[in-house]
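These notes are about the structure you will find just below.
Residue numbers (full-length UniProt numbering): 1 to 557.
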């Protein structure tokens, strides 16, 4: 009895994270049953990989690792490294991201890091190792990233992204722990950045009390976030590592809970979180390496971060610096909805499937801005789309600053546009306008908001020397019903209710909701617009100035 009491006391004293746990309650039978139901609900969504596929990934990574060893020895010989050193010299492939966390889905790519000893240069990796990969029969679609220093390839059908880092070591030991802060000494900033993914992933796994409970909970939360259109770091929502850190913090606060409880507690904790208070998995440490770390006391720009989630590995960074006022509001609202649904599930009033029901983004808002990026060739289009997508959050920020707009919600999923003379990709942004009082008409001009966004994209393309004359961005404002003419039918469930439209954002005495409608002339303009495949309609502009709702029918640069 005394031993049991001592063990319980030790467990109570030991905790993960920067605070004591909220609850040490052990799971009940009902929690275990609900967890099993959760697993069964997740299976049809492909979040679990088959054992055969997992073994194939391990085999591919083994081949890649062997290739790295051979390459390092060849380069070492070419650099006249003593044979006694070459015999013992080694490098290693490490993984990070969803694969390392153990939550990758079927067909997902692998994030990898090639770690090499000090006598290998970054230029060696992007030249001789690239050439070595090119010689391999299993390697297809080999390319170097446009904006990030990474080698991308398909190895035996598995997509892999490989970063590079060299350490200040003569050889790379097999049991090397990349969490060791001492490894960062005397490294250039590019190698430190490359190491960061592995260091953060490994720290997360060391900071959760039960890895299997963490993994199952994270699988559920990632699926929920993707289904609810709030999974995208580049567009101002949260990316994989940020969701992982939120789940890890939940696990720290409820260390003995199983996945069904943890999913519910996740929504409970973060629907009530007082942002911008940061989420931390451990107390930040200073390694005296003079690297920039997230610290609002020292760095003024850090004070403006709206939803800080701080990486646990030195140098600590905010993984959510892209979050905007709109995206935070959207995510917090989804947390609240998730809490309400999981409350029902725990009371056996709903099934887990309800949590993963995808809301219809294209019925959610009355107004949308549609972006189309086009380029002449597939290769140009791939680069152009990557750049445009990375800048969409600037447009969202511009819209947020508009005094007549309360929210801008970009759908992380893009769609193929009309494909004839050029390659096209479409993004859709839901917009909420402020409700106006009084009977007056209001014209909302978004020309400047859109123009400053397109100017930024073109300027970046020209600066990086990737711009081609046929690369274009088009933006237009549409009503909910008109999306049906733009997007693939599978993306939109037609509304049974007939939408009304007219030219001005108006609120008359007979309207209580400030709805916007379109007259027959504007519908004719839209039909012509789509037939012309998004080409600029200069003759129409001479007749009417298009300002938002529907005065700005489209804006093209």
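From the three backbone atoms N, C-alpha and C, an ideal C-beta is built for every residue, glycine too.
- Rounded to whole angstroms, the Cβ separation of residue 228 and residue 359 is 6 angstroms, and the two are in contact under 8 angstroms.
- The residue from 375, 391, 232, 484 with its alpha-carbon nearest to that of residue 456 is 391.
- Relative to residue 426, the option among 55, 200, 90, 483 whose CA is nearest is 483.
- With the rule of 3 Cβ pairs closer than 8 angstroms, the stretch 55-63 counts as touching the stretch 155-167.
- Of the other Cβ atoms in all chains shown, fewer than 16 fall within 10 Å of the Cβ of residue 143; this residue is therefore exposed.
- Judged by pairs of C-beta atoms under 8 angstroms, the stretch 305-320 does not touch the stretch 397-407, as fewer than three such pairs exist.
- Residue 389 and residue 470 have their C-alpha atoms some 17 angstroms from each other.
- Note on residue 90: 16 or more other CB atoms within 10 angstroms of its CB, so buried under the neighbour-count rule.
- Judged by DSSP in its simplified three-state form, residue 467 adopts coil rather than helix or strand.
- At a cut-off of 3 residues, the continuous stretches assigned as beta strand (DSSP E) that sit fully inside the stretch 355-442 are 367-375, 405-410, 423-433.
- Distance from the CA of residue 383 to the CA of residue 162, rounded to the nearest whole angstrom, comes to 18 angstroms.
- Take the alpha-carbon of residue 208 and the one of residue 100: they are about 14 angstroms apart.
- Assignment of residue 286 by DSSP, reduced to helix, strand and coil, places it in the coil class.
- In the structure shown, the three-state DSSP call for residue 143 is strand.
- Contact annotation, residue 266 with residue 217: C-beta distance approximately 7 angstroms; criterion of less than 8 angstroms satisfied.
- For residue 221, no beta strand (DSSP E) run applies; the uninterrupted alpha helix (DSSP H) run containing it begins and ends at 211-227, by DSSP.
- Rounded to the nearest angstrom, the gap between the Cα atoms of residue 355 and residue 169 is 49 angstroms.
- Scanning 461, 255, 394 for the CA closest to the CA of residue 234 turns up 394.
- The criterion of a C-beta distance shorter than 7 angstroms is satisfied by residue 346 and residue 264.
- Annotated three-state conformation of residue 297 is coil, per DSSP.
- Our two residues, residue 306 and residue 321, have alpha carbons roughly 8 angstroms apart in a direct line.
- Secondary structure of residue 245 (DSSP, three-state): helix.
- According to the DSSP assignment, residue 191 belongs to no beta strand (DSSP E) but to the alpha helix (DSSP H) extending over 189-206.
- In this structure, residue 103 lies near residue 215, with their beta-carbon atoms less than 7 angstroms apart.
- If you check the CB distance, residue 429 and residue 410 come in under 7 angstroms.
- In this structure, the straight-line span from the alpha carbon of residue 195 to that of residue 363 is close to 43 angstroms.
- Leaving aside the five residues that flank residue 219 on each side, the residues in its chain whose CB is nearer than 7 angstroms to its CB run, in chain order, 42, 47, 103.
- No Cβ-Cβ contact shorter than 7 angstroms links residue 211 with residue 248.
- Just so you know, the alpha carbons of residue 50 and residue 106 end up roughly 8 angstroms apart.
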